[in-house]
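Sequential numbering from 1 applies to the sequence shown in the UniProt record's numbering. Everything on this sheet refers to the single structure shown next.
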Amino acid sequence: MKRENYRRQRKRRKWIKYTTFTAVAAVFAVVVGFIALRVYAQIAGAPPLTVPKASVFFDNNGNRIGDYFSAERRYWVELDEISPYLIDATVAVEDKDFYEHNGFDYSRIASALLTDLKTQSMAEGASTISMQLARNLYLTLDKTWTRKIQEAIYAYRLEVFYDKDEILEGYLNTVNYGHGMYGIEAASRYYFGKSASELTLAESALLAGVPKGPSIYSPINDYEKAVGRQAVILELMDKQKYISVEEKNRANSEEIVLKNEQWTAAKSKAPFFLDVAWQEATKILEKENLNIREGGWSIKTTLNQAHQLAVDEAIEDNMPDSELQVGFVSMDVETGQVTALVGGRDYEDSSFNRVTQAVRQPGSSIKPFLYAAALENGFSPLTFMDVGETIFTYDNGRATYKPQNVNGQFADGQMSLAQAIAISDNIYAVKTLEEIGYDQYRDILDRFSLNFSEANNPSIALGTTENSLFDLTKAYNTIANGGKETKPTTILEIKNADGEVVYEYKKPKSKQVISKENAFLLTDMMTGIFDPVFSDYSPATGVSLRPRMTHTYAAKSGTTVSDQWLVGYTPSVTAGVWNGYDQGKTLSVQQDMAASKQVWIDFMEAINKGKPNENFEAPKGVESVLIDVETGKLATDACPKQRMVYVKTEDVPTEKCSSFEFFDKDSWDDFIDLFPFEAFKGMFE
1 MKRENYRRQR
11 KRRKWIKYTT
21 FTAVAAVFAV
31 VVGFIALRVY
41 AQIAGAPPLT
51 VPKASVFFDN
61 NGNRIGDYFS
71 AERRYWVELD
81 EISPYLIDAT
91 VAVEDKDFYE
101 HNGFDYSRIA
111 SALLTDLKTQ
121 SMAEGASTIS
131 MQLARNLYLT
141 LDKTWTRKIQ
151 EAIYAYRLEV
161 FYDKDEILEG
171 YLNTVNYGHG
181 MYGIEAASRY
191 YFGKSASELT
201 LAESALLAGV
211 PKGPSIYSPI
221 NDYEKAVGRQ
231 AVILELMDKQ
241 KYISVEEKNR
251 ANSEEIVLKN
261 EQWTAAKSKA
271 PFFLDVAWQE
281 ATKILEKENL
291 NIREGGWSIK
301 TTLNQAHQLA
311 VDEAIEDNMP
321 DSELQVGFVS
331 MDVETGQVTA
341 LVGGRDYEDS
351 SFNRVTQAVR
361 QPGSSIKPFL
371 YAAALENGFS
381 PLTFMDVGET
391 IFTYDNGRAT
401 YKPQNVNGQF
411 ADGQMSLAQA
421 IAISDNIYAV
431 KTLEEIGYDQ
441 YRDILDRFSL
451 NFSEANNPSI
461 ALGTTENSLF
471 DLTKAYNTIA
481 NGGKETKPTT
491 ILEIKNADGE
501 VVYEYKKPKS
511 KQVISKENAF
521 LLTDMMTGIF
531 DPVFSDYSPA
541 TGVSLRPRMT
551 HTYAAKSGTT
561 VSDQWLVGYT
571 PSVTAGVWNG
581 YDQGKTLSVQ
591 QDMAASKQVW
601 IDFMEAINKG
611 KPNENFEAPK
621 GVESVLIDVE
631 TGKLATDACP
641 KQRMVYVKTE
651 DVPTEKCSSF
661 EFFDKDSWDD
671 FIDLFPFEAF
681 KGMFE
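As structure tokens, then:
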């Protein structure tokens, strides 16, 4: 018996020793683990709280027009910029002991572990706000033990180096609120069209419920479930003494008004322009060894919202109900700054930019550059050539080319350069190319940074070499700027996330592409497309717009079987329009073929409404002269088709269109000289 008691006592002592040793070892292991974790945390340092943030765009007046995100839509705001209701609602539902624990809620962890062990899964979580922030910033959403351990380590590091408000601020700026909105500021703007600082109690409780299941509790996806969870959160806030019963009841009865449709509409403002601006800003920052993907940039652009609104309305009013596409860009004449841009009818349907990315045949809109070369090679606006039906031979006589005019008709005889550009005569253009030579034409295109063909094919005089609308409009802008090169830009200033200016636009040095005199002569001739006095076998190409014109414009149209162009300018603004089908479908419907001109004139008239007319000022060495359109000679009353035309001083004509003018003394003197009677002559003296 004694032996049996001895054995039992011995076993008990062994068990006590073992248990004590195990407990001490466990405590020691935990202490060592915490010490190691603390040492690791100190060595690793503070984990960063930064996340990729939105880069915000502003127009030329500093008004916010949009934003750009590398991955997720988020704006970082400080805790005092967030409604206190939202802060309290989040703590109440996500982590009621947030301000008491050190990153871990041990009672919730123990409960979750028991549940997970029973279900043999990761069915229940026990993540505190600190742990959720760690997951949002540094980890994936995979439900694995490895991720859970990493989450705990990161949460501990966050608690070591940051205070509770900093952690809460980080959480509220990174949590997913659904629909691609990360952070409370993005969510507040998306759902309610207001800043997070303006959220009411009811709105705060509604949003605080979304992160538990963004696809389930989004009020847009399921309003009833969202409101049900809102009621639960308000009840928790009441129990935890964040709000009174009266406040809870008022919030439960408050009508929730969602404004995500307004946000969607605002988001789509000038999206094609913003794409171009983002690409340009990327290149600018790369030159400064900066990465735009970091986000947080404030980018002031050249966008003029009045111009953008004008073109948006012009497109909406004039584009037919078909698949016809549109491209539009406008630029400031002096600086080249892009004031508005539309790359297609629907950005959501296709983000392909038909202004910058598409290259098409410009047709006759290329002719001003051909005639710029002609002016440098002995031509004047009053240079006449026979423009009857002509077959041209090229390639050493091995090939022929027979150009047609748009209506299939031809002039009976000669025509001046001024008239040829007004009615867009194709025979004159090809004859000009043959007269000046291909190399002269290619040189001028190269100087204007336009594409050109190396082949000596006469059709290139009529715009068969493809160019983009952006490049073509830029080239016209150079003519408008007195022949001085303009370099288009969409960026005025870039600031980093700390508000420091890292780039500021400075007007670049530019070269004179063509002389001021020749630039002005081209401009004056392009005002002729709106003047019916130049009409011949075909009307002046812009004469249909004349009744709507309240200002002076210079422009040139272009037409191919699948493209319509119109590019023109005032002394201040240049605008280019293209219409066509993405797949090059033939334009056969009159409504399709008329759209470009209507969009262009609507835009120009809208931006100039109420402004005084701007006239193009002639430089020195250029003079105005009233000429007879039919002959290019000085006009008299005997010649009905008269127009004021500008020419260089040395090209001013001296011969009159008619040898006899009824009220002209010299004409009568010449007539009397035919008679020998001195007395008869005296009657007229």
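Don't be surprised by glycine CBs; every beta carbon is placed ideally from N, CA and C.
Collapsed DSSP secondary structure at glutamine 337 in the structure displayed: strand
Pick from Phe273, Thr383, Val647, Val589 that is closest to methionine 331, judged by C-alpha positions: Phe273
Inter-residue spacing [alpha-carbon to alpha-carbon] between glutamate 614 and threonine 550: 11 Å
At least three beta-carbon pairs within less than 8 Å, the stretch 358-367 to the stretch 458-466: yes
Same chain, Cβ closer than 8 Å to glycine 528, five either side skipped, listed in chain order: Ala418, Gln419, Ile421, Ala422, Phe534, Ala540, Arg643
Where the alpha helix (DSSP H) containing asparagine 579 begins and where it ends: Where asparagine 579 is concerned, there is no enclosing alpha helix (DSSP H), although the beta strand (DSSP E) it sits in stretches over 573-580.
Delimiting residues of the alpha helix (DSSP H) encompassing methionine 525: 516-527
Closest residue to isoleucine 299 among Glu493, Gly336, Ser416 (Cα-Cα distance): Glu493
C-beta contact flag for glutamine 230 and alanine 196 at 9 Å: no
Nearest neighbour of proline 532, chosen from Ser453, Leu634, Leu545 [CA to CA]: Leu545
Buried versus exposed call for proline 403 [16 or more other C-beta atoms within 10 Å across all chains shown]: buried
Whole-number beta carbon distance between threonine 174 and leucine 137, since they are thought to touch under 8 Å: 6 Å
Boundaries (first-last residue) of the beta strand (DSSP E) holding leucine 626: 622-628
Span separating the alpha-carbon of threonine 636 from that of glycine 388: 27 Å
8 Å contact criterion, which isoleucine 315 and valine 326 should meet: CB distance rounded: 6 Å
Start-end ranges of the alpha helix (DSSP H) lying completely within the stretch 432-481, minimum 4 residues: 438-447, 469-480
Between the CA atoms of alanine 618 and leucine 634 - distance to the nearest angstrom: 20 Å
Helix, strand or coil at aspartate 332 [DSSP, three-state]: strand
Contact set for alanine 36: own chain, Cβ-Cβ below 8 Å, skip 5 residues either direction: Because alanine 36 sits at a pLDDT of 49, beneath the cut-off of 50, its placement in the model cannot be relied upon, and the following sentence gives the value as read from the coordinates. Closer than 8 Å at the Cβ level, and outside the excluded window around alanine 36, lies no residue.
Alpha-carbon spacing of aspartate 443 relative to tyrosine 537, whole angstroms: 32 Å
Where proline 219 falls, given that 16 or more other Cβ within 10 Å makes a residue buried: buried
Range covered by the beta strand (DSSP E) that runs through glutamate 493: 491-495
Residue range of the alpha helix (DSSP H) that includes isoleucine 243: Note, isoleucine 243: premise wrong, no alpha helix (DSSP H); not H, not E.
Rounded separation between glutamate 466 and valine 227 - CA only: 58 Å
Three-state secondary structure (DSSP) of glycine 45: Caution is warranted here: a pLDDT of 47 is assigned to glycine 45, below 50, making its placement in the model unreliable, and no coordinate value can be reported.
Alpha carbon of lysine 556 to alpha carbon of phenylalanine 520, nearest angstrom: 15 Å
Closest by C-alpha distance to asparagine 377, when choosing among Ser515, Glu288, Glu504: Ser515
Unbroken beta strand (DSSP E) run spanning valine 501, endpoints: 501-504
Presumed contact (8 Å Cβ cut-off) between residue 730 and tyrosine 476, rounded CB distance: A query on residue 730 cannot be resolved here, the shown segment of the chain reaching from 1 to 685 and no further.
Burial state of arginine 12 (16 or more Cβ within 10 Å): exposed
Between the CA atoms of glutamine 9 and tryptophan 15 - distance to the nearest angstrom: 10 Å
Residues bridged to alanine 310 [DSSP beta-bridge criterion]: The partner list for alanine 310 (beta bridge, DSSP) is empty, contrary to what the question assumes.
Collapsed DSSP secondary structure at valine 647 in the structure displayed: strand
Residues that DSSP places opposite tryptophan 15 in a beta bridge: The partner list for tryptophan 15 (beta bridge, DSSP) is empty, contrary to what the question assumes.
Inter-residue spacing [alpha-carbon to alpha-carbon] between leucine 199 and tyrosine 347: 31 Å
Alpha-carbon to alpha-carbon, asparagine 249 and glutamate 185: 26 Å
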